[in-house]
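For the sequence shown, this note's numbering assigns the number 1483 to the initial residue and increments by one for each residue that follows. One structure is given below, encoded as structure tokens.
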Amino acid sequence: MRELINYRPIARVVSVLLVIIGVLMWTGVPFSAYYDEPTQPLLYAGVTTLVAAGLLWLISHRKKDGRTASVAMLSIHKREGYLIVALSWVAMTVFGMLPYLYSGMLPSVPDALFETVSGLTTTGASTLTDIEIQPRGLLYWRSLTQWIGGMGIIVLTVAILPLLGIGGIELFAAEAPGPTSDKLHPRISETAKRLWFIYVGLTVLEGFLLYFAGLSPYEAINHALTTMATGGFSTRNASAAAFSPTIQYIIILFMFLAGVNYTLLYLGIKRRWSEVWRSSELKAYVGLIVVLTAIFTARVSYHTEDTLEQCFRDSMFQIVSLITTTGFVSADYTSWANSLTMVCFVLLFLGACAGSTSGGIKLIRHLVFFKNSYLEFKRLIHPQAIVPLRLNGQIVPGRIITHIFNFLLLYLMIFVLGSVVLSILGLDFITAVGAMATSLGNVGPGIGGVGPTDNFAWLSPEIKLFLSFVMIVGRLEIFTVLILFTPYFWRLN
1483 MRELINYRPI
1493 ARVVSVLLVI
1503 IGVLMWTGVP
1513 FSAYYDEPTQ
1523 PLLYAGVTTL
1533 VAAGLLWLIS
1543 HRKKDGRTAS
1553 VAMLSIHKRE
1563 GYLIVALSWV
1573 AMTVFGMLPY
1583 LYSGMLPSVP
1593 DALFETVSGL
1603 TTTGASTLTD
1613 IEIQPRGLLY
1623 WRSLTQWIGG
1633 MGIIVLTVAI
1643 LPLLGIGGIE
1653 LFAAEAPGPT
1663 SDKLHPRISE
1673 TAKRLWFIYV
1683 GLTVLEGFLL
1693 YFAGLSPYEA
1703 INHALTTMAT
1713 GGFSTRNASA
1723 AAFSPTIQYI
1733 IILFMFLAGV
1743 NYTLLYLGIK
1753 RRWSEVWRSS
1763 ELKAYVGLIV
1773 VLTAIFTARV
1783 SYHTEDTLEQ
1793 CFRDSMFQIV
1803 SLITTTGFVS
1813 ADYTSWANSL
1823 TMVCFVLLFL
1833 GACAGSTSGG
1843 IKLIRHLVFF
1853 KNSYLEFKRL
1863 IHPQAIVPLR
1873 LNGQIVPGRI
1883 ITHIFNFLLL
1893 YLMIFVLGSV
1903 VLSILGLDFI
1913 TAVGAMATSL
1923 GNVGPGIGGV
1933 GPTDNFAWLS
1943 PEIKLFLSFV
1953 MIVGRLEIFT
1963 VLILFTPYFW
1973 RLN
């Protein structure tokens, strides 16, 4: 007989997350004050969030008879871990949209919810029609939501959970981006700390480079936050197209780094290059970008009158942006050629490396699928032979292959069913598949009416709410959300 779900650690972890969210809201107050904007929305939203966190903390510390809950009561198992992640995202979304509602920047709940979910899931789809007239303090909070969701705030919390008497392995497994089991340290809290050290370090480095390249401190901070999160929110209506070539190249570099497995980044920092280049996924990632950039540059230069350097820069920028699911835009890729538009649509399903901050399916899943499909021909010719699938020199267990195939099938089914739902809700075919692909993959711009020169403001409230749910499903890689809707999760035996 299974034990009942222990809700006390769930309340405690969610309360810690809300404390972090509330405090981070106040980091936008100096920007509002500096630009002579109202500071009350961020202040009041932070206070509301901290009050809710305090109430949850008190609940988690009391037993029914009023005594303090013991550490033994706060162990986290798989079911608690999945519930913590799901409920944390609900809580972060509900309280994360308060600055938009309090300020009137996005007065309707569907719009504020969509913008918040898009930020936390690092999708980058927006309902704002004119970004440059919005309060800078709130735009900073908008960018910060992407940075929070990039590595996953729960991964950060895992680093401090031992202080609360709570183990973090189940949370890390449910929240950490990508289908990877690589660990940088035997202790999960140390792994989380190293991940966040790399994440913060690269963010700071990019911010300084963008500043020295000509951006104001405010814009440098915002774009560093959203680049490393592979989010794509910008402070400009034209996105990255508003910046100089030097700034665009810097963004390309850090989008690329953000799409690399953070374990490999750590090994690179330690100068263990042989281990880095042993990764089949990294080779595929680099090779794909190089090949597609060459093809796109040739085609774009043929269809436009731009210089070869601009064709190369725009091609590489959009390819890296789409593969890493960052969503920054330097050019309207839907205006180049129909064949290139189709390739860009396919890239919405790709994703960069596992263990990175990018969304999408992830390259490692594609590699396993294509390698196993190729080996299946050999198995047909030699049915008695044992033909294992190897990746990075190691045999991939059958259960991992099955898990990946199930993920791909579920991903495809959700995409198809979601596209049908969007069509029923009134979208044309191209816009429906474009909106569904970009939301499920957490990319940002799509095709059709939600292309790189459009946004999501014109969609109906029902569609925005539906796509908000889809973005969360995609960010948590399907299983973490859908498992809550199965009877096995709640059954006690």
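The C-beta atom is built at its ideal place from N, Cα and C for all residues, glycine as well. None of these values were measured; they are calculated from a predicted model.
Under the three-state reduction of DSSP, R1753 is assigned to coil, being neither helix nor strand. For R1847, the CB contacts under 6 Å within the same chain, skipping 5 residues up- and downstream, are I1886 in chain order. In the DSSP assignment, D1593 falls within the unbroken alpha helix (DSSP H) covering 1591-1602. Just so you know, the alpha carbons of K1560 and F1778 end up roughly 45 Å apart.
In this structure, T1575 places its C-beta atom within 8 Å of the C-beta atom of L1602.
Beyond the five residues adjoining it in sequence on each side, K1860 comes within less than 8 Å, by CB distance, of A1867, V1869 in the same chain, given in chain order. Here Q1628 is buried. Its C-beta has 16 or more other C-beta atoms within 10 Å. When DSSP reads this structure, I1732 sits in no beta bridge, so it has no partner. Looking at the DSSP output, Q1876 bridges to L1873. A residue is called buried when at least 16 other Cβ atoms come within 10 angstroms of its Cβ; V1511 meets this threshold and is buried.
Using a 10 angstroms sphere on the CB of H1705, the tally of other CB atoms reaches 16 or more, which defines it as buried. Cβ contact annotation for L1873 (same chain, cutoff 6 Å, sequence separation greater than five): S1762, in chain order.
Counting only residues of its own chain and dropping the five nearest sequence neighbours on each side, V1952 has a CB closer than 8 Å to the CB of I1896, G1900, M1918, S1921, L1922. Annotation: the continuous alpha helix (DSSP H) that includes S1797 extends over 1790-1805. Rounded to the nearest angstrom, the gap between the Cα atoms of C1835 and V1802 is 12 Å. L1538 sits away from V1572, with the two beta carbons spaced by 8 Å or more.
Taking L1499 as reference, the option from L1569, W1508, T1521 with the minimal CA-CA separation is L1569. When Cβ pairs closer than 8 Å are counted between the two stretches, the stretch 1684-1699 is seen not to touch the stretch 1772-1787, the count staying below three. A straight-line Cα-Cα distance of about 44 Å links L1862 and M1710. In the same chain as P1581, and ignoring 5 residues on each side of it, the C-beta atoms closer than 7 Å to its own belong to M1507, P1523, L1524, A1527, L1620, W1623, in chain order. Taken atom to atom, the span from the alpha-carbon of L1540 to that of I1965 is near 29 Å. Annotated three-state conformation of Q1616 is coil, per DSSP.
In the three-state reduction of the DSSP assignment, R1718 falls in the coil class, being assigned neither a helical nor a strand state. The DSSP-derived three-state label of W1940 is coil. Boundaries for I1960: no alpha helix (DSSP H) harbours it, and the DSSP string shows neither H nor E there.
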